[in-house]
Structure formats: C-alpha cells, structure tokens
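Numbering (the working numbering), first residue to last: 182 to 936.
Every residue gets a Cβ at the ideal spot worked out from N, C-alpha and C, and that includes glycine.
Report on one structure; see the data block that follows.
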DNA sequence: GTAGGGTTAG
C-alpha cells in the first residue's frame with residue numbers, strides 16, 4: 182500500500198504546475214496544498230500572488246480571499262490582483278471592501294489599482310465611494326495619471342454626475358481617445374445628438390483620431406436613446422470612412438435597423454457579418470434574430486436560429502421575443518418549454534419575455550402562472566418583469582396578484598421606477614382602486630406620458646370626467662407633452678360628461694396645436710360626444726368626412742347614440758356597417774334590437790334575431806334577450822291593462838324556451854334567482870368595464886375607453902359579473918355605464934344618473 | 001494587476 186508521504190511532489194513540480202500556461206483548478210489546488218506543507222506559503226509573496234491570480238482566473242474567489250487573509254504581510258500588488266479580478270467578474274462590492282481592507286492595513290495605493298476601483302464604483306453607481314476615491318487619488322498624487330483621469334471621467338458619467346465629469350475632463354492636460362469616447366458615448370446615450378456630434382468634431386479637431394470604440398459609443402448611445410436613424414447612419418458613415426465595424430458595431434446597429442424596419446439594410450449587415458466571420462458571435466446572432474423578428478421576417482429569423490443559435494440563451498430569448506412580436510404566441514410558448522426541456526439556463530430576460538408575450542396577447546392567466554413559476558424555479562423578477570406582469574393582473578382584475586407585485590416592488594426598491602409605477606397606477610385603476618392609483622401617481626418622482634395616460638385613463642374608465650380634465654390641465658402645465666392616447670382620454674371624458682363644446686375644441690387643438698393626426702378612436706369619441714348631445718346628424722356628417730374608412734368603434738359609437746335617442750334610420754345604417762365589420766359580435770345585433778324594441782317595432786326585433794341566427798352568432802346573447810325582456814317589462818309595468826300585454830308575455834315565453842333549447846348561457850333562472858324583485862331593475866341598469874373584463878366579455882384593456890364603453894353597453898350580464906366579483910371577496914366597487922353609475926358594496930348594488 | 005463600445009424582456 183502506498184503511503185501519503187510517498188506521493189509528495191517535490192517543490193520544483195509545484196512551480197512547474199504554477200507556471201504551466203493554463204493550469205487547471207485541480208493543479209492550482211495541488212500546488213497550494215504542497216506549498217503550504219513545504220512551508221513556502223504563506224511567506225513567499227511571489228508564489229502567493231501567482232496562486233491567487235490562478236484562483237481568480239478560475240473564479241474561486243473564496244479560495245483567493247482565504248489565501249490573501251492567510252498571508253501575514255501581503256503586498257499591495259496582491260490586493261490589486263484580486264481587486265482587479267473581482268471587478269472583471271462584476272463583484273464590485275467585494276472589490277471595494279478589499280480596497281478598504283487594503284487601506285486599513287496602511288498599504289499604499291499604486292496608480293494601477295485606482296482605475297479598477299473607479300470602475301467598481303461606476304458598476305455600483307456609487308457616487309459617494311467614487312468621490313472618496315477621487316479625494317484619495319488627489320492625496321496620493323495619482324490624479325494626473327491618464328488612466329486614473331479617464332476612469333474618473335467614466336465613473337462620474339456612469340453615476341450621472343455630468344458636472345463633475347466635465348470638471349475632470351476640462352482640467353485634463355492630455356485628453357486621451359478613451360476619455361473623449363466616454364464623454365461622447367454619455368451624451369449619445371442621453372439622446373443629446375447635437376452635443377455628442379459637437380464633441381466628436383472637437384475631438385477630431387484636437388488631433389485625436391476616433392477608434393472603433395468611439396464610433397460604437399455613438400452608435401450604441403443613439404440606439405439606446407431612440408435615435409434609430411442617426412444610429413444607422415453612423416454605422417454607414419463609419420464604414421465609409423474606412424473603419425472596420427466590429428462585433429459591438431454590428432450588435433448595436435442591428436436592433437435599430439429592426440426598429441426602422443429597414444430589412445434591406447439589415448440584409449446588407451447580415452452579408453457583412455458572414456463576410457467577416459461574425460456569424461457565430463452570440464450577441465451578433467441574437468441581434469440578427471431580433472432584427473428579422475422586428476422586420477416580420479419570421480422564416481429568416483427561425484432559419485438563423487436553427488443554424489447557429491440553439492444552445493445560447495441570448496438567441497433563445499431573441500427568438501421567443503420575435504415569435505411573440507409577430508403574434509405567434511403558441512410557438513413562443515412551445516419554444517420556451519423546449520428550451521426548458523433542453524436544460525438551457527433560462528435567465529430573467531427569458532422569463533420576462535414569455536410573461537410579456539402572454540400578457541400582451543390576451544393570455545393573462547398564463548402570464549400570472551409563468552410569473553409564479555419563474556420565482557418557483559429561483560429566477561427573481563426584476564425592474565422589467567413587474568411592468569410586464571401588472572397588465573395581466575389589471576386585465577383580469579385580480580387585485581390580490583397586483584398587490585403582491587406591488588409589495589414585491591416596494592421590497593426591491595422598484596416602486597419608484599417610472600415604468601413600474603405607471604403600471605401600478607394602471608393596475609389599481611383597472612381593479613377599481615382609483616384612489617390608490619392616484620396615491621401612487623402623486624408619489625411618483627418622475628412621470629412620463631404613460632404615467633399621465635394611465636391615471637387619466639383610470640379616471641375616464643371610472644366615469645370621473647372632471648378628474649380627467651383636472652389632470653389634463655395639470656399635465657399641460659408640466660413639461661410632459663400629451664400624445665394621442667392622452668387625447669383619447671380627454672375626448673372620452675368630455676363625451677361622458679357631456680362637455681360637447683370643450684370636446685370639440687380639444688379635437689381641433691389636438692391637430693392644430695399638437696400636430697397629432699386624429700385616429701379612429703378620436704373620431705369614435707367625437708361621434709359619441711355629438712351623439713350624446715343629440716347631434717346625430719352632425720355625428721354622421723363627421724363620419725362621412727373621415728379621411729379613411731371608419732372602423733367598428735366609430736360605427737359602434739353611432740349605433741350606441743342612436744339607441745339612446747331612438748334614431749332608427751341612422752341606427753340601421755350604423756348596424757348594417759357593423760354587421761359587415763363584426764359579423765360575430767352579438768352586441769351589435771342586440772343594440773339594434775333594443776332600438777326597435779324601444780319603439781315597439783317587433784318585426785324589426787324578429788328580423789335582427791333571424792339575421793343573428795343565420796350568422797350563427799351565439800356569444801352571450803341569452804342575457805341580451807333578457808335585457809330586452811326586462812326593458813319591455815319596465816315599459817309596460819305601469820300599465821297592466823296594456824292591450825299588447827298578453828301578446829308580449831307569449832313572446833317572452835317562447836323566447837325563453839328557445840334560449841334554453843339553444844343552450845344559451847347564462848340562463849334567466851340562474852342570473853335572477855337570488856335577486857329581489859325591486860333590485861332587478863337596478864341591476865339591469867348598467868354594466869361595468871371591470872365586471873365585463875372579469876367575465877372575459879372584453880378581451881383586452883388596451884382598447885380605447887370608448888371602445889370599452891361601447892362594449893359595456895352591449896356586453897350583457899352584470900348579474901353574473903356581480904356573483905363573480907363577490908367570489909373575489911371584493912368589498913366595494915364603483916363602476917359606470919354610459920350614463921349611469923353603479924355602486925356595489927357588501928353585496929348590495931345601487932345605481933343613479935350622472936347628471 | 002489599470003480607463004472607453006455590444007444582443008435579447010417594459
């Protein structure tokens with residue numbers, strides 16, 4: 182049997198191991214053990230340093246730290262090595278704590294460690310640490326070192342301390358291409374095209390030749406700040422001026438090519454990628470997949486993925502996003518599950534993509550389940566995941582999940598992020614918590630147009646037209662410019678509140694003062710606004726004067742107004758268009774029936790029912806017929822001796838039997854069985870958007886408020902909705918129909934007119 | 001052992 186002693190390797194062999202071009206971790210560990218045993222460690226600083234860098238190269242940071250701590254008299258070089266290794270591995274906090282330990286031991290800083298330390302501060306976005314180290318560099322006399330200066334400029338830029346960055350830059354005697362590039366990239370990424378290009382010119386004027394990093398800084402900066410055309414042009418200019426576009430140039434340019442959907446240019450870059458042999462670079466491949474996905478070339482996208490992308494998480498993510506973007510939701514889900522099955526290490530981007538894919542394509546429950554699953558498998562949601570999942574909570578009005586995402590954001594410090602907070606405002610508003618939405622809105626440190634729109638849309642949805650207009654005035658006093666969605670909220674609010682003239686004024690100002698071209702939803706709001714005021718002919722004239730073919734929203738608004746005012750002629754015109762545009766939408770048939778029913782035109786009601794039957798339309802019509810029945814009841818309630826009473830009763834009886842035969846859901850018995858007679862009328866007075874969404878009667882919340890209003894009018898069944906909502910343990914809900922409000926509290930429902 | 005530029009999710 183061989184004793185342990187007999188396998189001892191002589192000291193020379195350890196040195197050989199250590200000086201091997203790339204020693205394995207095992208070799209390093211063997212050498213470590215042997216050197217300790219032979220007494221060369223921890224005393225020999227040179228050997229310790231060599232070993233320490235080996236551990237760092239193998240990312241064995243605990244081993245490296247232990248070794249460092251075991252050395253009685255470590256030299257600064259040893260610390261520098263490890264600090265640098267930590268920083269390279271983005272372990273910035275560890276790097277800085279090692280630096281403070283080094284200082285505590287009274288070791289002197291050499292000029293090599295400072296740039297790394299500034300990089301760590303930049304990585305942590307820690308301005309206080311950065312400033313401290315800046316002072317230290319002044320004290321130690323290293324502040325004029327060019328490496329120190331440019332890393333200092335970079336640190337201040339990353340920490341968004343532009344004034345400090347400029348102060349350091351302006352005082353530099355020798356401005357290197359590195360510091361110029363850092364400054365130029367910072368302006369480009371802030372979207373300041375003029376200043377970035379001015380500095381680029383000044384740099385060349387001062388005799389410093391730009392390199393590919395300078396060009397790439399401009400290209401990537403403009404790409405991130407949304408200046409897609411500028412970014413693409415710079416790529417071409419770089420090439421034309423004889424610079425060789427490299428991996429970062431290509432990776433930064435392809436996404437903007439996708440944004441501007443210039444597939445011809447994208448194809449040229451693709452050709453260039455193949456020519457220079459970049460087609461196996463993971464970032465380039467992901468960017469190519471992304472570009473073809475954005476340009477709706479899904480076949481080409483999948484082909485590239487199949488050829489090169491399979492096992493790399495970035496290209497997998499790009500593929501899922503590309504499929505999702507092109508509406509291929511099931512393919513995206515299938516691809517995602519396949520990647521999971523293949524053991525690909527899916528990251529937070531992968532999970533966020535698939536959650537977003539579901540939430541954006543009407544698969545709200547799936548989005549929530551995936552959100553739970555990602556946490557179950559140990560992937561923590563980030564700042565982007567939260568605004569992706571919140572719309573799913575909002576769409577199905579699940580306050581519980583929305584609140585939990587809110588709590589998560591608070592714990593993680595995400596709740597002040599403008600995207601997160603805007604999504605929270607939207608979620609609370611859509612879940613009926615308009616006051617909570619406003620509280621979050623008021624607390625936001627910064628707001629963008631999405632934030633304003635979410636709050637105004639929330640008020641519009643709750644029928645709070647006055648609040649919409651107040652907020653719009655506040656917005657106009659703020660630096661934030663309104664967009665087309667803002668005007669949809671404003672016009673919708675004016676329509677709801679009967680502010681006819683004000684609405685008309687905003688409609689014209691939208692185009693004249695803000696240069697926003699009216700879209701379908703704006704016309705629909707205007708039709709509704711005029712229709713509400715009884716100006717049905719004017720509304721019809723507006724429709725006929727539209728520059729493009731009116732869509733179902735516009736005709737729906739007219740039909741709805743015709744029902745309110747009992748205008749059979751225009752109602753028939755609008756309904757005829759709607760039957761063409763939305764042959765399967767039961768609500769349109771019901772609206773026309775209601776117009777006829779209100780006038781006692783029973784032949785018309787029969788005619789519509791026959792059309793509906795011949796079209797095979799069955800979605801939720803049962804409740805709509807009940808609505809007609811009850812309207813008739815209400816009409817005749819005051820006059821029991823009405824000559825048509827018996828005739829109508831027969832008719833209702835037949836309808837009811839027919840409904841049951843056709844299997845319409847939900848049945849009269851079901852919806853009304855628990856309702857007191859005196860409450861029936863109240864319950865039937867309106868429906869809420871929230872309730873409708875909860876029932877799946879409206880499949881999206883991204884439609885315009887007006888579209889929703891139209892749907893509300895037609896959607897059908899608030900009785901079942903109330904039951905559904907009750908099961909959600911909701912205490913109180915405030916909802917509105919076209920011209921009435923609906924207050925539901927502790928199982929009791931009350932209604933009233935707005936004005 | 002030192003500084004600047006890259007893809008995919010809102």
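query: Between the CA atoms of residue 573 and residue 819 - distance to the nearest angstrom; result: Its pLDDT being 47, under 50, residue 819 is placed unreliably by the model, and the measurement read from it follows with that caveat. Straight-line Cα distance between these residues: approximately 46 Å.
query: Distance between residue 458 and residue 605 (C-alpha atoms, nearest Å); result: 46 Å
query: Contacting residues, own chain, Cβ-Cβ under 7 Å from residue 743 (five flanking each side not counted); result: 717, 751, 752, 755 and 776
query: Residue ranges of each alpha helix (DSSP H) within the stretch 321-396, 4 or longer; result: 327-339, 343-352, 358-370 and 374-386
query: Cβ pair residue 570, residue 542 closer than 7 Å; result: no
query: Sequence-distant residues of its chain with Cβ nearer than 7 Å to residue 444 (five each side left out); result: 476 and 478
query: Residue 732 in three-state terms, based on DSSP; result: coil
query: Alpha-carbon to alpha-carbon, residue 544 and residue 897; result: Any reading at residue 897 must be qualified, since the residue scores a pLDDT of 33, below 50, and its modelled position is unreliable; no value is offered.
query: For residue 292, the nearest candidate out of 270, 280 and 324 (CA to CA); result: 324
query: Proximity to residue 329 [Cα-Cα], best of 342, 523, 315 and 338; result: 315
query: Beta-carbon proximity list for residue 398, same chain, < 6 Å, skipping 5 on both sides; result: 362, 365 and 366
query: Whole runs of the alpha helix (DSSP H) within the stretch 516-579, excluding any shorter than 4 residues; result: 529-541, 545-557 and 566-576
query: Identity of the residue in 356, 559, 561 and 535 nearest residue 551 by Cα; result: 535
query: Nonlocal neighbours in the same chain, by C-beta distance under 8 Å from residue 441, ignoring five residues either side; result: 409, 410 and 413
query: Neighbourhood of residue 703 by C-beta, 8 Å cutoff - its chain only, sequence neighbours within 5 removed; result: 665, 668, 669, 672, 688 and 691
query: Sequence-distant residues of its chain with Cβ nearer than 6 Å to residue 268 (five each side left out); result: 276, 297, 300 and 301
query: Residue closest to residue 429, alpha-carbon to alpha-carbon, out of 455, 406, 468 and 407; result: 468
query: Completely contained alpha helix (DSSP H) runs for the stretch 648-696, where each covers 4 or more residues; result: 665-678 and 681-693
query: Nearest-angstrom Cα separation, counted from residue 372 out to residue 577; result: 37 Å
query: Proximity below 7 Å, CB of residue 564 to CB of residue 595; result: yes
query: Collapsed DSSP secondary structure at residue 512 in the structure displayed; result: helix
query: Alpha-carbon spacing of residue 771 relative to residue 696, whole angstroms; result: 38 Å
query: Sub-7 Å separation of residue 736 and residue 711 beta-carbons; result: no
query: Local Cβ density within 10 Å of residue 455, reported as buried at 16 or more and exposed below that; result: exposed
query: Three-state secondary structure assigned by DSSP to residue 243; result: helix
query: Nearest-angstrom Cβ-Cβ length linking residue 471 and residue 503, presumed shorter than 8 Å; result: 7 Å
query: Residue 754 - containing alpha helix (DSSP H), residue span; result: 749-762
query: Residue closest to residue 496, alpha-carbon to alpha-carbon, out of 432, 295, 437 and 507; result: 432
query: Simplified DSSP state of residue 859, which is helix, strand or coil; result: Summary for residue 859: the model assigns pLDDT 40, below 50, so the residue's position carries little reliability; its value from the coordinates is reported in the next sentence. It is helical.
query: Residues of its chain near residue 683, where Cβ-Cβ distance is below 6 Å and the 5 sequence neighbours each way are ignored; result: 675
query: Rounded separation between residue 652 and residue 637 - CA only; result: 7 Å
query: Spatially closest choice to residue 464 from 499, 452 and 384, by CA coordinates; result: 499
query: Whole-angstrom distance between residue 203 and residue 629, CA atom to CA atom; result: 52 Å
query: Candidates 231, 789, 392 and 214, of which the one nearest residue 422 by Cα; result: 392
query: Rounded distance between the beta-carbons of residue 639 and residue 602, thought under 8 Å; result: Contact doesn't hold; Cβ gap of about 13 Å is too wide.
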